[in-house]
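A.B. asks: Handing you a structure now.
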Amino acid sequence: MEDLLQHFSDPFIMDIKMGTRTFLESEVSNSTLRKDLYEKMIKIDPSEPTAQENEDKAITKLRYMQFREKGSTTSTLGFRIQAMRVPGKPPVTDLQKVKTKEQAKLVKRCQEIRRKFEKSDFFKHQMEVIGSSLLLLFDRSNEANVWMIDFAKTRLLDKSTPVTHRAPWAIGNHEDGYLTGLDNLIQLA
Ligand code: I3P
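Here the sequence shown stands for residues -10 to 178, numbered as in the working numbering.
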């Protein structure tokens, strides 16, 4: 365990959820209907539920997670900004004020993470990385860094189902789109 904030003073914090898929394959066969997720869905978009879902006032987790993916950059870019803390300023406006030097450091670090990820046979072919985030921190004293966090839904795969982290997901192939997200993040930064 490490306190990632220790070297930063009042930092900008961004949590970026990585991957084109955010749910485990086990959710596909989970037919439990959840009222809380239906409530969350209609708060985001009241026109989204089908007539049946409106009648049940409940949806499965798969339905909710795919709805969140389609409504965000997860489906198109393989990452989405999950949470952000901008000290004392409105988030979106302030993001455009990120200094070039800090930006360069963050991109370099993302490239390093990608390089290490791709070099590791273990990560590259045997890990399914779902719901994991990149935590970006930077402050006014030019400190800037990126860490991989949140491994609760990361799974070890057996050697007979190697993953590329870039191929589209189909049930059973365990693809997570992690590197698709990292490629896009580096390209867009
Ligand atoms: C939640 C988010 C979490 C997920 C949670 C979702 O949606 O996707 O990652 O927990 O499922 O409700 P949102 O971002 O829209 O709030 P897990 O990563 O543990 O699956 P939950 O309601 O089953 O906790």
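Yeah, the Cβ is synthetic: ideal placement off N, Cα and C, and Gly gets one too.
Return the chain-ordered list of same chain residues with a C-beta closer than 7 Å to the C-beta of T62, the five sequence neighbours on each side being excluded.
C.D. replies: To locate residue 62, count along the sequence shown from 1; it is residue 73. Excluding sequence neighbours, T62 sits near F68, R69.
A.B. asks: Skipping 5 residues on each side, what residues in its chain have a beta carbon closer than 7 Å to that of L(-7)?
C.D. replies: Start at 1 with the first residue of the sequence shown, and residue -7 comes out as number 4. Around L(-7): L124, L126, W136.
A.B. asks: Residues in the same chain with beta-carbon distance under 6 Å from V81, minus the five sequence neighbours each way, listed in chain order, please.
C.D. replies: Stepping through the sequence shown from its first residue, residue 81 is reached at position 92. With a pLDDT of only 40 at V81, under 50, the local geometry of the prediction cannot be trusted, and no value is derived from it.
A.B. asks: If you measure between the beta carbons of M54 and T11, is that distance less than 9 Å?
C.D. replies: As a first step, residue 54 must be located in the sequence shown, where it is residue number 65. As a first step, residue 11 must be located in the sequence shown, where it is residue number 22. The answer is yes: Cβ separation under 9 Å.
A.B. asks: Going straight from the alpha carbon of I33 to that of A178, what length do you get?
C.D. replies: The count along the sequence shown starts at 1 and reaches residue 33 at position 44. The count along the sequence shown starts at 1 and reaches residue 178 at position 189. Cα to Cα, I33 sits roughly 27 Å from A178.
A.B. asks: Tell me which same chain residues have a C-beta within less than 6 Å of the C-beta of L168, skipping the five on either side of it?
C.D. replies: Stepping through the sequence shown from its first residue, residue 168 is reached at position 179. Contacts found: H154, R155.
A.B. asks: Specify the secondary structure class of T143 as computed by DSSP and reduced to three states.
C.D. replies: Looking up residue 143 in the sequence shown gives position 154. DSSP places T143 in strand when its eight states are reduced to three.
A.B. asks: So for I33, helix, strand or coil by DSSP?
C.D. replies: Here residue 33 refers to the residue found at position 44 of the sequence shown. Residue state, collapsed to three classes: helix.
A.B. asks: Assign M54 to one of three DSSP states: helix, strand, or coil.
C.D. replies: Position 65 of the sequence shown, counting from 1, holds the residue named residue 54. Here M54 sits in helix by DSSP.
A.B. asks: Residues in the same chain with beta-carbon distance under 6 Å from R74, minus the five sequence neighbours each way, listed in chain order, please.
C.D. replies: In the sequence shown, residue 74 corresponds to position 85, counting from 1. Excluding sequence neighbours, R74 sits near I2.
A.B. asks: Indicate whether S(-2) and E132 have their beta-carbon atoms separated by less than 9 Å.
C.D. replies: Position 9 of the sequence shown holds residue -2. Position 143 of the sequence shown holds residue 132. Against a cut-off of 9 Å, the Cβ pair of E132 and S(-2) comes out as a contact.
A.B. asks: Put I160 into one of helix, strand or coil per three-state DSSP.
C.D. replies: In the sequence shown, the residue the question calls residue 160 occupies position 171. Of the three classes helix, strand and coil, the one that applies to I160 here is coil, per DSSP.
A.B. asks: Which of helix, strand or coil does DSSP assign to D(-8)?
C.D. replies: Along the sequence shown, one-based indexing puts residue -8 at 3. In the structure shown, D(-8) sits in coil (DSSP, three-state: anything other than H, G, I, E or B).
A.B. asks: Is the closest heavy atom of the ligand I3P to the C-beta of R57 under 8 Å?
C.D. replies: What you label residue 57 is simply residue 68 of the sequence shown in a count that begins at 1. Within the cutoff, so yes.
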